[in-house]
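Worksheet: the structure to be examined is printed underneath.
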Ligand code: PMP
């Protein structure tokens, strides 16, 4: 579509009629993206860019896989749609496969987006407590700097004020605790002691609120959209233990971290934790079609059953949730990822990426480089002693300098709190070593160009 129209034509129509969540109409650098293959996207003028963000952290298997397109085509021919008021093959096989990836016995509720997956998790958590005789447990705790979605509940769980204040009041009953920021932990504090102290903060909030009012704690194993904040290694184990102690359900948001991104199927698998609920989206289909899922531990699901309703009653219908085409593509995507061994590969290539990015420390404005698998954040600071965040403008200029050299990177943080200073990387898991070298080299040059004289 659009292949024969001139760039200006598309661009003008877009500028007039498309409401973007981002800002593609910057005067210096307007672009119309048109095609994609492997780890590269191409614009309408034929310029090629290495997409080191996998779109929005989601094209995990990379662009241009013929067999994913074929899976969609074949499912459309066979049965393009039927709701999950019946069982169908793609959803049944996918749910089963997801349990293998999760390493546990789960019940899967399908939706279309990450936001919906989290909304579903919150509703299920509240209903679970009601079904087990604790209807007063409704509060959901999350962390500042986290992002959990755009809808009024998922946005309430989000801990970035700049995304929220225009839309308040959001869903009530959401509380926040500080994020575990290893880079800015108290001077000289042992990382494991810091991990324990973060879990103690969670415990204090649960106790002060009254455990009998708290339904769930939601977290991403690594806060991605808030600036790739990698917690201390014991953090997840410690907070999971607190949740268990107080009967608070642990919801792990694997929307970005899942499907191999951090070098495990799911990032919670770096720890000895089996979450109560896991939410996933994006990489589940490598973004070829929309799909999300909320996985609930089978023993929790059992609480939803009553003799009159042996299948569990959850009052939520989603027209396209578990869409057969999306499920067929997801199934093929997981098979492809297994055949190409992309998950262990992400762990190996993550080590290569970490080695390559080491060179960035020659820039005094590079405060911290955090890498977990093929997920990385480069935190830019005014100076290393104060760790004061670099202002948004030079960070934007570094990103533009990357783009001018054919590299797309991301930027994340929290503008209200003054942290919008992390350059993010999440290349497709098929990325090759020379491409990782190109990413590091290009960032190095861009930092030199923008900040070299400072
Ligand atoms: N959770 C996390 C961690 C996310 O990063 C996102 C989206 N970036 C979401 C939830 C929401 O997903 P969606 O945009 O598909 O609603």
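Residue numbers (the UniProt record's numbering): 4 to 457. Heads up, the beta-carbon is just placed ideally off N, CA and C, and yes, glycines get one too.
Assign residue 446 to one of three DSSP states: helix, strand, or coil.
The three-state reading of DSSP puts residue 446 in helix, counting H, G and I together.
Contact between the region 256-269 and the region 189-201: three or more CB pairs below 8 Å?
Not touching, per the Cβ criterion.
Check whether the Cβ atoms of residue 377 and residue 333 lie closer than 8 Å to each other.
No. Outside cutoff.
What is the C-beta distance between residue 454 and residue 424, in whole angstroms, given that I count them as a contact (C-beta under 8 Å)?
Not quite, the Cβ-Cβ distance comes to about 12 Å (not below 8 Å), so this is no contact.
I'd like the span of the alpha helix (DSSP H) that includes residue 244, first residue to last.
Looking at the DSSP string, the run of the alpha helix (DSSP H) that includes residue 244 is 238-249.
Since residue 185 and residue 234 should fall inside the 8 Å C-beta cutoff, what is the C-beta to C-beta distance between them, to a whole number of angstroms?
The C-beta separation of residue 185 from residue 234 comes to about 7 Å, placing the pair in contact by the 8 Å criterion.
How far does the alpha helix (DSSP H) with residue 336 in it reach, from first residue to last?
Here the alpha helix (DSSP H) through residue 336 covers 327-342.
Would you give the residue range spanned by the alpha helix (DSSP H) that residue 126 belongs to?
It spans 117-134 - the alpha helix (DSSP H) in which residue 126 sits, taken as one unbroken run.
Any heavy atom of the ligand PMP within a distance shorter than 7 Å of the CB on residue 259?
Yes, Cβ of residue 259 sits closer than 7 Å to a heavy atom of the ligand PMP.
How about residue 100 and residue 339: are their beta carbons less than 8 Å apart?
In this structure, residue 339 does not lie closer than 8 Å to residue 100 by Cβ.
Assign residue 188 to one of three DSSP states: helix, strand, or coil.
Looking at residue 188 - three-state DSSP - the assignment turns out to be coil, as it is neither helix nor strand.
Comparing the CB of residue 256 with every heavy atom of the ligand PMP, is any distance shorter than 7 Å?
For the ligand PMP, at least one heavy atom lies less than 7 Å from the Cβ of residue 256.
Using a threshold of 7 Å, is the CB atom of residue 59 nearer than that to any non-hydrogen atom of the ligand PMP?
Residue 59 Cβ: within cutoff of the ligand PMP.
Those residues which DSSP pairs with residue 473 across a bridge
Because the chain in this structure spans residues 4 to 457, residue 473 falls outside the shown range and cannot be described.
To which residues of the same chain is residue 31 closer than 8 Å at the C-beta, ignoring the five residues directly before and after it?
Its pLDDT being 49, under 50, residue 31 is placed unreliably by the model, and the measurement read from it follows with that caveat. Contacts found: 403.
Determine the direct distance from the alpha carbon of residue 71 to that of residue 80, and round the result to whole angstroms.
Cα-Cα distance, rounded: 14 Å.
Euclidean distance between Cα positions of residue 255 and residue 221
Spanning the alpha carbons of residue 255 and residue 221 requires a straight line of approximately 6 Å.
Is there contact between the region 427-438 and the region 341-355, where contact requires at least three CB pairs shorter than 8 Å?
Result yes; three or more Cβ-Cβ pairs closer than 8 Å.
Taking 7 Å as the line, does the beta carbon of residue 270 fall inside it for any heavy atom of the ligand PMP?
Every heavy atom of the ligand PMP is 7 Å or more from the Cβ of residue 270, so no.
Starting from the Cα of residue 306, find the closest Cα among 289, 330, 359, 279 and give me that residue.
Residue 279 holds the alpha-carbon nearest to the alpha-carbon of residue 306 among 289, 330, 359, 279.
Just the C-alpha distance for residue 85 and residue 74, rounded to the nearest angstrom, thanks.
If I take the Cα positions, the gap works out to 17 Å.
Would the C-beta of residue 117 count as close to the ligand PMP, meaning under 7 Å from any of its heavy atoms?
Yes, the beta carbon of residue 117 sits closer than 7 Å to at least one heavy atom of the ligand PMP.
I need the DSSP call for residue 264, collapsed to helix, strand or coil.
The DSSP-derived three-state label of residue 264 is coil.
Report the three-state DSSP secondary structure of residue 223 (helix, strand or coil).
Under the three-state reduction of DSSP output, residue 223 falls in the coil class, being neither helix nor strand.
Nearest by alpha-carbon distance to residue 49: which of 360, 203, 9 is it?
Measuring from the Cα of residue 49, the nearest candidate turns out to be 9.
Put residue 154 into one of helix, strand or coil per three-state DSSP.
DSSP places residue 154 outside both helix and strand once states are collapsed to three, so it counts as coil.
Which whole-angstrom value is the C-beta distance of residue 360 and residue 372, which I expect to be below 8 Å?
Their Cβ separation, rounded to whole angstroms, is 5 Å, which keeps residue 360 and residue 372 in contact under 8 Å.
Rank 64, 188, 52 by C-alpha distance to the C-alpha of residue 343 and give the top, closest one.
Answer by Cα proximity: 64.
Put residue 19 into one of helix, strand or coil per three-state DSSP.
The answer is helix: DSSP assigns residue 19 an H, G or I state.
With a threshold of 7 Å (Cβ to nearest heavy atom), would residue 333 be considered close to the ligand PMP?
Because no heavy atom of the ligand PMP lies under 7 Å away, the Cβ of residue 333 does not count as near it: no.
Would you call the CB atoms of residue 140 and residue 69 closer than 8 Å?
For the 8 Å CB-CB criterion, residue 140 and residue 69 do not form a contact.
To the nearest whole angstrom, what separates the beta carbons of residue 131 and residue 253, a pair I think is in contact under 8 Å?
Incorrect: roughly 12 Å between the Cβ atoms, too far for contact.
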